[in-house]
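In structure tokens:
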């Protein structure tokens, strides 16, 4: 005996898919769009737009105390007085604030700079970062005299770091970030407004 399905009991797979798939795709797109940012928007808004290492080195007084965004590769690490100092070889940033190799070995942006930061909350694997994007405040502090480098490199007090693991030539899937918790409480994400009386 062969059973036949009545027309009212036909599977409704097509209509279920038609209802759920767009919703799932929309959720994935919306939830993933914020997770892809290299730097949180509050830091991008605070930073001086378009500042380069050449500009910092040429006019250090003009940028002292200002927030800038640079990229690079960590070449030296040292600890001193409860802080970590990283000497970074500069790498140009793309539109998404991801550092890349310069187009030429004679690139005008070749050079180094220091990052100083408190070690609290810094991922243990930061030593394996192949590339790093730095949001930092230009400082007048200098590294210790016995530190590597020329002693004339700009110094950034780190506010935010985004690092990429060394797998796949620094383009690995393992990404981590660090944020200065003291600076996060001090620096507002939007400018304060005075309410007119």
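Numbering (this note's numbering), first residue to last: 7 to 203.
Just so you know, even glycine gets a beta-carbon here, dropped at the ideal spot from N, CA and C.
Residue i, buried or exposed, once every other Cβ within 10 Å from all chains shown has been counted against 16
i, result
"residue 105", "buried"
"residue 164", "buried"
"residue 186", "buried"
"residue 188", "exposed"
"residue 97", "buried"
"residue 159", "buried"
"residue 173", "exposed"
"residue 99", "buried"
"residue 76", "buried"
"residue 4", "One cannot answer for residue 4 here, as it falls past the ends of the chain, which runs 7 to 203."
"residue 142", "buried"
"residue 101", "exposed"
"residue 68", "exposed"
Continuous alpha helix (DSSP H) stretch holding residue i: start and end
i, result
"residue 48", "47 to 52"
"residue 59", "59 to 64"
Run of the beta strand (DSSP E) containing residue i, from where it starts to where it stops
i, result
"residue 76", "73 to 86"
"residue 172", "Segment: none, residue 172 is in no beta strand (DSSP E) and carries neither H nor E."
"residue 183", "181 to 185"
"residue 148", "Residue 148 -> no beta strand (DSSP E), and no H or E assigned at all."
"residue 89", "89 to 97"
"residue 119", "118 to 123"
Cβ-Cβ separation, residue j to residue i (assumed contact under 8 angstroms), whole Å
i, j, result
"residue 144", "residue 74", "6 angstroms"
"residue 4", "residue 89", "As shown, the chain starts at 7 and ends at 203. That puts residue 4 outside it, with no answer to give."
"residue 46", "residue 166", "7 angstroms"
Spatial neighbours of residue i in its chain, beta-carbon cut-off 6 angstroms, leaving aside the 5 residues before and after
i, result
"residue 168", "44, 139 and 183"
"residue 83", "92"
"residue 148", "none"
"residue 181", "170"
"residue 129", "182"
Own chain, CB closer than 7 angstroms to residue i, minus 5 neighbours either side, in chain order
i, result
"residue 117", "59, 63 and 96"
Same chain, Cβ closer than 8 angstroms to residue i, five either side skipped, listed in chain order
i, result
"residue 94", "76, 78, 79, 80, 81, 118, 119, 120, 121, 138 and 140"
"residue 126", "187"
"residue 223", "This structure does not reach residue 223, given that the chain is present from 7 up to 203, and the question cannot be answered."
"residue 108", "97, 98, 115 and 116"
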